[in-house]
Amino acid sequence: MADRLATLGVAARHVGRLLLVSAILLTFFPQALLAQEADGPVFWLKFDETAGATTFADSGSAVANGTCDGGACPTAGATGRIGHAAQFDGVDDRVTAAVNTPEGSYTVATWLRFTGTEWVNWRTLVEFGDDAPWFGVTPSGQLTLYPAIFGGSLPKGQWAHAAYVWNGTQSKLFVNGQAVAVNAVAPPGGGQGLALAVETGGPNPWLGLLDDVRVYNRALSDAEIGQLAAPETGPVVAPPAPPPPAPGVPPSRLFDLTVSIYKPITTPAERQPYEELFRLFADGIYEVTNGAHKIRTVTFYDNGRFADRADIQWIQFEQQPRASTNAYGRGRGTVHMGDAIFSQNTQITDPNDVGTFLNTLTHEWSHYTYGILDEYASDKTSTDPGSPQSGDTPPQPCSVMCAAPPSIDFARLNFSTPKSTAGVGRTNTAHYRTFGASAWETVARPPANDPPATRGTRLYWDDLAPKGPAAGQDPSVELPAARTTARDALNFVWVDANAPTAKHRVFLIDVSADMGQDNKLESAKLAIKNYVDRTNVGDLVGIITFANTHTVVQPLTRIDDDATRTAIKAQIDAIQAEAGVTNRNGAGADAAAITALQQASTNAFIIDRGVYTIIDGACTDNTDPFIFQKLYNDHSAVGISFSVFNYAATPKPNDLFSNSLELLRFPTTAANPPGTYQFVGNGGFAIPGVAAAAASPVSAGALSSALGAADQQSSPLVDVNLGTARSQTVNPGTPLTANFYVDATLDEVEVAVLFDGGESAADLTLVDPDSLSASELPVCESDGYDTLCTILLSQPAVGTWQL
């Protein structure tokens, strides 16, 4: 061909720091801290103190707090890589601690951000004694554990992670999680005392920020260093099992929810007002459902992490608290709250305002989870019958859907009833106009019985109907007498930004004969290998093929380093289509995937688990219940998403049903949590009476993009994913330049280039805003038709980049 088609894609991610829980707080304990792991850091300065601090808490086992002297103290409270950081002036700012050079194997690690224009001098990071050893940066910007080892290049003006490991026989330097130098030179030892930012024998001061400084009395593995350098993902500690219900008492349904708070929350005192409110909120949900529902795990993210997908988005001032209706568990919508609500004078920290916050949060949750509409009167008029109006008549007595009073009155934290609405002639409310019934009548009936305009849209909880009040009765009032029961399943999880976790994926690959045609299987292998290249250290990936039966090609395996990735890709390369086999029996493969994911999650609760099925057609298993219902049942039962990426747009001769392709969508979107369904083949529909065009090789680009989109949709590991892409025809031998701008909000940028031909068909160079070639090299894979290359930039410099 005379021309080649090149596609450039740039995906930019503002990555949230979602990590291991550092504390679980149970309702009946003020605070229960997890024990410091025996292999954790001996010295650990998080630098999360506020401005003016002169002592910096050691979160390691040594409890050797860092100190400084007056004018030589760094500025605390600066914005850090994780929470806060310390800003050093490049003159005399220094922090010291009573920590000596570890004996035997050890690790030193820190986040750093150099704010000067040029390195010029040696720059001190960490020093034990007097150069025994000295960890820092050379005048050329090279990392060193002096005098044992030099290597790597540190950026200016952006965050980078630096680490040194001595394992007793080998010295190793790391920059941003990647090994940059290795040798067998032992470091000097015997240093007494530790200093940051200014060395003992001379100034060589650090200019810029330091964050998360750690010393371990052991050699961390490459995988552990990679995790320290990527504080974006993480497992959450398993919530405790709720106590069994009393004999003869049906168990309550347990609800988990997530809260994203706009600011850093690092101390018990800062957590206290939120925890107290959510204890009361647990009371409120138990009350409003007459004991049918309880709150179990409330997971808090600070610094605005995961605001785009949390159940409750918490900002500084929310003048109009509100909620999406019928959104709980559907992956869309949120409840909007704030530290101040309605006015700046109504504050969560004021005990006199707790009632307003409780009533408001329970009110908005009733929209979000139960689909109940407002029952208060407004001072406005509206043409929307589902909105409050001037002249509306609230229930008597009023309900949780009335305006929020400032006091706590559990009798009001209940749904309206026939007695409080039609029984007293008070049906002129947004809710009654829409549903023709009180709130309790509404939640007790199936959504199919709602009026036609709203039929089938409301979330339905079948355990509410038995709890509804009898005809002519008011709702029962459970609180405060039942407070212990209302809170007995409750626990709080504050997600720490320091200990990483992983994403678990099992790929199910159809190897029936049709997949061997038109480059479908080869393009799928290319896209999956590219996915493996892009996985983070700590992620788990498994590969299972299926046709007549299934084969575990690669057990669910932790990504530890590039060697692990290479080994997995070799297994993918060996996959071949099965000639003459037309069955696509995926039930066994799916069951094996679910089992593997469940077993992997016994050590920690993995937030993001999913099965990705690449198939050409629909499943052909004969199962009871039928295969599509079985997939839905199995995934909903274990809470693991199921996604399908299909090369087929039209039915196959051996499909079980004429609409099998449509049925295959059902378990992907209906199960909880939902997955995704994407067509990734060529074309998509046929025109009757027109001869079919000759089949053309399938490109890996569609599947690769679909996998990335599915990750973004299902995973809470990424806060914001912005993307831009373009396709362009390029004449061979003609240079192509593409520019893209990176702003200060982006933590990662991924550049993906798909082009015709093998890897040698194009030479790729990425140039940063300073007109320097990026040190990151493209990772490329080819299927013989296309080549897919990706370049991942961590903490990229702000400005215009050029490919």
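So for the sequence shown, this note's numbering puts the first residue at 263; every next one is plus one. Built from N, CA and C at the ideal position, the CB exists for glycine as well. The structure presented is a predicted model; accordingly, all values stated were derived computationally and were not measured.
Short of 6 Å in beta carbon distance, which residues of its chain neighbour residue i, apart from the five on each side in sequence? Order them along the chain.
| i | result |
| --- | --- |
| residue 292 | Here the model assigns residue 292 a pLDDT of 22, short of 50, so the residue's position is not dependable, and the following value carries that caveat. Around residue 292: no qualifying Cβ. |
| residue 953 | Residue placement at residue 953 is poorly supported in this model, since its pLDDT is 38, which falls under 50; the coordinates are not used for a value here. |
| residue 565 | 526 |
| residue 704 | 697 |
| residue 741 | 545, 549, 672 |
| residue 434 | 427, 441, 444 |
| residue 450 | 394, 395 |
| residue 784 | 1045 |
First and last residue of the alpha helix (DSSP H) that includes residue i?
| i | result |
| --- | --- |
| residue 1064 | Premise fails: residue 1064 lies in the beta strand (DSSP E), 1061-1064, not in any alpha helix (DSSP H). |
| residue 672 | Note, residue 672: premise wrong, no alpha helix (DSSP H); not H, not E. |
| residue 488 | 484-490 |
What do you reckon, are the CB atoms on residue i and residue j nearer than 8 Å?
| i | j | result |
| --- | --- | --- |
| residue 728 | residue 738 | no |
| residue 602 | residue 582 | no |
| residue 672 | residue 532 | no |
| residue 488 | residue 362 | no |
| residue 611 | residue 666 | no |
| residue 558 | residue 518 | yes |
| residue 799 | residue 439 | yes |
| residue 821 | residue 859 | no |
| residue 834 | residue 791 | yes |
| residue 831 | residue 794 | yes |
| residue 538 | residue 461 | no |
| residue 412 | residue 400 | yes |
| residue 1001 | residue 940 | no |
| residue 884 | residue 845 | no |
| residue 890 | residue 923 | no |
| residue 402 | residue 381 | yes |
Using the Cα positions of residue i and residue j, report the straight-line distance between them to the nearest angstrom.
| i | j | result |
| --- | --- | --- |
| residue 499 | residue 750 | Interpretation of residue 499 is limited by its pLDDT of 36, a score under 50 that renders its predicted location unreliable; no figure is taken from the coordinates. |
| residue 620 | residue 542 | 7 Å |
| residue 945 | residue 912 | With a pLDDT of 49 at residue 945, under the threshold of 50, the predicted position of this residue should be treated as unreliable, though the coordinate-derived value follows. So the two alpha carbons sit approximately 10 Å from each other. |
| residue 1011 | residue 689 | 55 Å |
| residue 459 | residue 561 | 36 Å |
| residue 895 | residue 861 | 19 Å |
| residue 585 | residue 769 | 36 Å |
| residue 719 | residue 1046 | 48 Å |
| residue 350 | residue 427 | 25 Å |
| residue 591 | residue 722 | 12 Å |
| residue 1057 | residue 540 | 35 Å |
| residue 897 | residue 663 | 35 Å |
| residue 1025 | residue 1060 | 24 Å |
| residue 1052 | residue 691 | 56 Å |
| residue 773 | residue 1054 | 31 Å |
| residue 463 | residue 392 | 6 Å |
| residue 480 | residue 303 | 9 Å |
| residue 417 | residue 324 | 31 Å |
| residue 644 | residue 652 | 9 Å |
| residue 483 | residue 788 | 29 Å |
| residue 368 | residue 378 | 30 Å |
| residue 827 | residue 796 | 9 Å |
Per DSSP, which one or two residues make a beta bridge with residue i?
| i | result |
| --- | --- |
| residue 654 | DSSP output for residue 654 lists no bridge partner at all. |
| residue 475 | 307 |
| residue 411 | 407 |
| residue 1048 | 1018 |
| residue 1042 | 1051 |
| residue 445 | 433 |
| residue 908 | 877, 941 |
| residue 328 | 318 |
Sorted by chain position, which residues of the same chain lie with C-beta nearer than 7 Å to residue i's C-beta, five sequence neighbours on each side aside?
| i | result |
| --- | --- |
| residue 893 | 852, 904, 929 |
| residue 708 | 722 |
| residue 649 | 692 |
Going along the chain, which residues of its own chain have a beta-carbon closer than 8 Å to the beta-carbon of residue i, five neighbours each way excluded?
| i | result |
| --- | --- |
| residue 943 | 782, 878, 908, 909, 910, 911, 960, 964 |
| residue 1037 | 415 |
| residue 327 | 317, 318, 319, 320, 359 |
| residue 661 | 637, 674, 676, 677, 678, 682, 701 |
Could you please give the first and the last residue of the uninterrupted beta strand (DSSP E) stretch that includes residue i?
| i | result |
| --- | --- |
| residue 768 | 765-772 |
| residue 518 | 515-523 |
| residue 939 | 939-941 |
| residue 557 | 555-563 |
| residue 597 | 597-603 |
| residue 398 | 396-399 |
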